[in-house]
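Peer 1: Numbering (my numbering) for the sequence shown: 67 to 191.
My questions all concern the structure below.
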Amino acid sequence: MEKFPEKELQIDHRIPFEIIGDDADNMDDPEEYMLLSGSANRAKSGSCEHCANWLELKNPDICRKCYWAYPDNYEHVAMRQIRRADILWAENEVSVYDRLKEKTLELQKDLPDYVKALIKQHLDE
Numbered sequence: 067m068e069k070f071p072e073k074e075l076q077i078d079h080r081i082p083f084e085i086i087g088d089d090a091d092n093m094d095d096p097e098e099y100m101l102l103s104g105s106a107n108r109a110k111s112g113s114c115e116h117c118a119n120w121l122e123l124k125n126p127d128i129c130r131k132c133y134w135a136y137p138d139n140y141e142h143v144a145m146r147q148i149r150r151a152d153i154l155w156a157e158n159e160v161s162v163y164d165r166l167k168e169k170t171l172e173l174q175k176d177l178p179d180y181v182k183a184l185i186k187q188h189l190d191e
């Protein structure tokens, strides 16, 4: 998990206001909100605004199973069958990333696809 200075974090509804509205029972519950970086908040907004639940269904239960509301326990990302594994290389690990990137350039492969293939190969062994 990436760390951000507190002043860079934004409070956001776990379930978009567009879906849940002014539910008085939830407005004072801190569990109904989450802290996000500005870029994560924009990514969430963009993803949610293109979701069929946002556009048509308006079902809070669908949001409760979404990555954007509960990234540690989700079944879908904006109603798409997707799983995420965000990997950060920091400090001494950056050299490993650089080697990986160099290898993908040599092989003319896309880095995420190459990493997925390596993981699959390892799991299949």
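Yeah, the Cβ is synthetic: ideal placement off N, Cα and C, and Gly gets one too.
Note that the coordinates shown come from a computational prediction; the quantities given were computed from them, not determined experimentally.
Where do the ends of the alpha helix (DSSP H) carrying residue 187 lie?
Peer 2: In the sequence shown, the residue the question calls residue 187 occupies position 121. First-last of the alpha helix (DSSP H) with residue 187: 177–190.
Peer 1: Whole angstroms are fine: how far does the CA of residue 124 sit from the CA of residue 158?
Peer 2: Position 92 of the sequence shown, counted from the start, is the residue given in the question as residue 158. Position 58 of the sequence shown, counted from the start, is the residue given in the question as residue 124. Spanning the two alpha carbons is a distance of roughly 45 Å.
Peer 1: Span of the beta strand (DSSP E) holding residue 81?
Peer 2: Locating residue 81 in the sequence shown gives position 15, where the first residue counts as 1. Per DSSP, residue 81 belongs to no beta strand (DSSP E) and is neither H nor E.
Peer 1: What is the rounded straight-line gap between the Cα of residue 173 and the Cα of residue 180?
Peer 2: The sequence position of residue 173 within the sequence shown is 107, counting from 1. The sequence position of residue 180 within the sequence shown is 114, counting from 1. Spanning the two alpha carbons is a distance of roughly 9 Å.
Peer 1: According to DSSP, simplified to helix, strand and coil, what is residue 165?
Peer 2: Against the sequence shown, residue 165 aligns to sequence position 99. Correct three-state label for residue 165: helix.
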